[in-house]
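Residue numbers (the working numbering): 43 to 922. The beta carbon of each residue, even a glycine, is placed where N, CA and C say it ideally should be. Treat the numbers as computed from the prediction; the structure is a model and nothing was measured. In what follows, a structure is listed as structure tokens, so that the remarks can point back to it.
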Amino acid sequence: MSLRRFMRRERWDEERARELAAHIDHLTALNAAKGMNLDEARRQAYLRLGNPTRIREDLYQMNTLTLIDSLWRDLRYAVRTLARTPFFAAIAILVMALGIGANSSLFTVVRSVLLKPLPFPDSGRLVSLYGRSIKGETIYNVVASGDFRSWQKQTHGFESMAIWKNQRFNLSSQGNQMPEVVDAIASSWEMLGTLGVQPALGRNFTADDDRMQAAPAALLTWSLYERRFGADPSILGQTVLLDAKRYTVIGVLPKWLAYPDARTQLWVPYYHVVSAEDAESHGNHMSSVVARLKQGVAPQAAIQELNALQERIHQQYLTIPVSNGADMRPLLDDLSADFKQPLYVLLAAVGCVLLIACLNVASLLVARTASRRREVAIRAAMGGTRWRLLREHMMESLVICGAGGALGLVLGSWATAWLQSERKDLPRINAITVDVPVILFVLGITALTAVIAGLLPALSATSEKVMDALKDASRSMGASRSRTTLRKSLLAMEVALTVILLVGAGLLLKGFLRLRGAELGCETDNVLTMRYALPKSGYADQDRLTAFHSSLVERVRQVPGVESASLVSVVPGGGYWGDNMFEIPEHPPLAQGDHVFALFRSIEPTYFQTMRIPLKKGRFFRDDERTSHTRVVIISEQMASQHFPGENPLGKHLRFQEDSEPGGHKDYEIVGVVGNTRHRLGADPKSMMFFPVYADTQGDNRSLTLVIRARHNVESLALPVQKIVTQIDPNLPVSDVLTMKQIIGQSTTSASFNAILVLAFAVLSLLLASVGLYGVLSYLVAQRSGEIGIRVALGAGRQQVLGLVLLDGLRPAAMGLAIGLVGSLAGARLLQSMLYGVSPFDSAVFSGVVLLLAVVSFVASAAPAWRASRLDPLRALRME
């Protein structure tokens, strides 16, 4: 039996009908020629040939694939049955669409970001290499260039290795275009070869390009090539001004390449932008390393060799902060490390939503099969086997879930597009697409949900004996203790999953609120910030730098509405930025190999007053220290308590290594102690030291942030201040024009997104559970109306009936609550790293969830219970 004959059987049946009719006519004609009358001739023809209808039926059956034919009949029957109850069908399909759509969207993101291989040849051999901090408490530490050079020359487990670091350039104006700040990476010439990438246009860097003395060269990303240069191939060989320095465009990278992320706009050679001192340093950790393992080399063997080499390097340079080990992880894991746990948590949350949706639909189907109990019994009495009846009920579930899956795929596509627009910081965001594996995933979970949602109701509907169902009175047609127990069990599971989601959402939301309310150590209201970086080519000496900084600050202070203005290398909450090793001459020397560090900041003397950071001891910088070479430093309260416990740090010194100085070091006198500020919202205060920005000191005095405090409406000052910058230097762009509130908002984006999304899933689950509870109780009241009528007739009060029905509804809710709390205690540990200032077993959150579930359960149970207590016993008994 072939599928082709099965598909064409209707056509063949028509042909057989015509052929049989022709045979009958022919035999009839032969019989008539023998002298028979016409009726007898036709009768004899039928007797000779046989029953044409039976012949056609036999041939039709021979051309039928029984299973497919049966399933097709079941499908049509299921569609007709559901069409008779459109409201039920629409609700069930919508519930499944929401669950499947959410899972489709999150799976699309998780697969694209965490599971899909990187778009590089043999990407499984690509790894990221890191150093390990001196004392071993920090893993995956950035790498010093000197270490990289040693790794490159002395290891044997890697096919190739490349170093890179983030960079920012001022891209000068060309034609009618304004200057702008572009994100870039400086990479060694081996980088693209290690990744296995070739430029779409032009050529790659060569070893000759990657030298300090080489002519400056640049590779454009496709996005910059299109946006800034109109995709004009003639840009190859032309020059662009980066930090007022001419770079020749030698190539354009492929459109699909977004490494390390989509913000990168161009690439430049690493050793052309890194100083000779930093290129050889083993103590200046500022770069990342990518390597490709040799074919057949195990990662464990490669990292063991690298660890041994780094330990030898550490022993050679005990006087400087050299890593004492190395770490390695796959490049795919490295790119997605910060998003792995949040995405899996969200995927688990939508999985719970889908399971709740399945249980809800299963509960609806149980109620539906109860009302069709007599119909099922009659069909069984007429010869329908249990397997046939079970199959018909399962087909209804499949139709509901199939329609929900199709709608869910559409909703999931919309949700994925929304996620991409809301979370532009996701790695590999350009790779997030709905593709064949996603469609197969949707088909798989659609089939799975159809089984989960339909199997128990189908078994329940077909398990009862025929005569028992036929003997039941019409009013008690749906009444069944086993069916009631099943619906209560499904409801308890719904409530349990809802509790787990509510606890998770509560913990994440409370952590987000704690993070949002965390103090940075300064007053953040009405403060505007903007960054700029002065290029070396235009500002080669300290006098020109000082003149620009002074002129900018003084002119900004004259803008109406400005209360104060100042400069700092990076504002509180703006990031780690950098640290430096120091010694305290007044203290005993540290043991060999031990080092202490503190974050450093360059500031304008009025910075503390502008940001309203309190002075704890000593004084602020004086105006005469702005341009003098007086070596003074202000430290944070945390640094004072950590490195000067029980003593006054004022008048003491911090010593920094400086080979160009007599004695090989510089000493700075501590003149003040200020309140702690945090480099990142939610981080513990770190030791911090501040230097005058104008003086030739330890701090950075080129790349700075202008901070402006206004009396009110600080956002309105952004444009006037940018115009002042343009007036002083027309080719100098500014970037990161943000208020301090916006900086805090950016710091909490991930926490708020995760909390709000999980909360939305939890609210949806709570709604489904409450509707499920209401439905169960309404069903019980309807089916027990006769019993309730008898109770009332025998003297039961309305309060007794009310309490009876309420307890009936609250029991499965209480059971689900207990199970959910146990599950929440186990699951809360998984969220611990995503919580700020909140215990995973926070009693307030757990108590709040218990109270919320109790209130919702009571409200959902109250209406059916009230209706039961108002039941007219005479009417109930008459209907029974």
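Helix or strand or just coil, what does DSSP make of Glu689? Three-state DSSP puts Glu689 in coil, outside helix and strand.
Quick one: what's Glu561 bridged to in DSSP? Partner residues in a beta bridge of Glu561, as assigned by DSSP, do not exist.
Do three or more CB pairs link the segment 288-295 to the segment 245-264 at distances below 8 Å? Touching, yes.
May I have the straight-line CA-CA distance separating Ser933 from Ala256, to the nearest angstrom? No answer is possible for residue 933: it lies beyond the span of the chain, which begins at 43 and ends at 922.
Would you mind working out which of Cys400, Gly580 and Tyr878 sits nearest Leu498, comparing C-alpha positions? Measuring from the Cα of Leu498, the nearest candidate turns out to be Cys400.
Which of helix, strand or coil DSSP assigns to Arg718: In the sequence under discussion, the amino acid at residue 718 is Asn, which differs from the Arg named in the question. Note: Asn718 maps to coil in three-state DSSP.
DSSP three-state assignment for Gly862, whether helix, strand or coil: Gly862: helix per DSSP, three-state reduction.
What residues match up with Arg334 in a beta bridge as DSSP calls it? Beta-bridge pairing by DSSP links Arg334 to Leu168 and Ser202.
Could you tell me the boundaries of the alpha helix (DSSP H) in which Gly143 lies? Pro128 to Val152 is the span of the alpha helix (DSSP H), which, as asked, contains Gly143.
For the candidate residues Ala321, Ile471 and Ala607, whose alpha-carbon lies nearest to that of Leu746? When only C-alpha atoms are compared, the closest one is Ala607.
Can you tell me whether Ala793 is buried or exposed? The criterion is at least 16 other CB atoms within 10 Å of its CB, across all chains shown. Buried, because 16 or more other Cβ atoms sit within 10 Å of the Cβ of Ala793.
Take every Cβ of the segment 750-758, pair it with every Cβ of the segment 577-589, and state whether three or more of those distances are shorter than 8 Å. Result no; under three Cβ-Cβ pairs closer than 8 Å.
So what does Trp309 bridge to, in DSSP terms? In DSSP, Trp309 forms a bridge with Ile227 and Leu261.
So, are the CB atoms of Arg492 and Leu440 less than 9 Å apart? Correcting the residue type first, residue 492 is Ala in the shown sequence and not Arg. Less than 9 Å divides the Cβ of Ala492 from the Cβ of Leu440.
Please report the residue range of the beta strand (DSSP E) in which Asp369 lies. Element bounds for Asp369: Gly367 to Pro372.
Does DSSP put Val339 in a helix, a strand or coil? Three-state DSSP puts Val339 in coil, outside helix and strand.
Straight-line CA distance for Glu596 to Leu335? About 55 Å.
Buried or exposed: Asn212, going by 16 or more other Cβ atoms within 10 Å of its Cβ? A residue is called buried once 16 or more other Cβ atoms fall within 10 Å of its Cβ, and Asn212 is buried on that count.
Rounded straight-line distance, which links the Cα of Phe624 to that of Ser678: Each residue's alpha carbon lies about 15 Å from the other.
Span of the alpha helix (DSSP H) around Ile181: Neither: Ile181 is in no alpha helix (DSSP H) and is coded neither H nor E.
Taking the DSSP output, what are the residues bridged to Asn208? Asn208 is bridged to Ile227.
Measuring CB atoms only, is the segment 541-555 touching the segment 854-868, in the sense that at least three cross pairs come out at less than 8 Å? Touching, yes, given that three or more Cβ pairs across the two stretches are closer than 8 Å.
Within its chain, find whatever has a CB closer than 6 Å to the CB of Gln699; leave out the 5 residues flanking it on each side and keep chain order. Result list for Gln699: His707, in chain order.
Identify whether Trp908 lies in helix, strand or coil by the three-state DSSP scheme. Of the three classes helix, strand and coil, the one that applies to Trp908 here is helix, per DSSP.
Going along the chain, which residues of its own chain have a beta-carbon closer than 7 Å to the beta-carbon of Ser593, five neighbours each way excluded? Cβ neighbours of Ser593 within its own chain (closer than 7 Å, five residues either side excluded): Ile770.
Might you give, ordered along the chain, the residues of its own chain that have their beta carbon closer than 6 Å to the beta carbon of Glu438, omitting 5 neighbours on each side? The residues are Ala120.
Three-state class that DSSP yields for Pro479 in the structure shown: It is helical.
Please list the terminal residues of the continuous beta strand (DSSP E) segment that includes Phe732. Where Phe732 is concerned, the enclosing beta strand (DSSP E) stretches over Met730 to Pro734.
Buried or exposed, going by whether 16 or more other CB atoms sit within 10 Å of the CB of Ser230? Buried: at least 16 other Cβ atoms inside 10 Å.
Just to confirm, does Ser265 get its C-beta within under 8 Å of one of the non-hydrogen atoms of the ligand HEM? The ligand content of the structure shown is nil, which means the ligand HEM is not present either.
Compute the distance between the beta-carbons of Val239 and Leu295, then report whether it is under 9 Å. Yes; because the gap between Cβ atoms is below 9 Å, this pair is in contact.
Please name the residue in Ile277, Ser202, Val152 and Thr306 whose C-alpha comes closest to that of Asp225. Looking at the Cα atoms, Thr306 is the closest of the given residues.
Run of the alpha helix (DSSP H) containing Phe590, from where it starts to where it stops: Segment Gln584 to Arg599, the alpha helix (DSSP H) holding Phe590.
So, using beta-carbon positions, are Val638 and His685 closer together than 9 Å? In this structure, His685 lies closer than 9 Å to Val638 by Cβ.
To the nearest angstrom, report how far apart Tyr313 and Val185 are at their CA atoms. Roughly 15 Å between the two C-alpha positions.
Of the residues Leu72, Leu780 and Gly293, which one's Cα is nearest the Cα of Asp567? Minimum Cα-Cα distance from Asp567 among the listed residues Leu72, Leu780 and Gly293 corresponds to Leu780.
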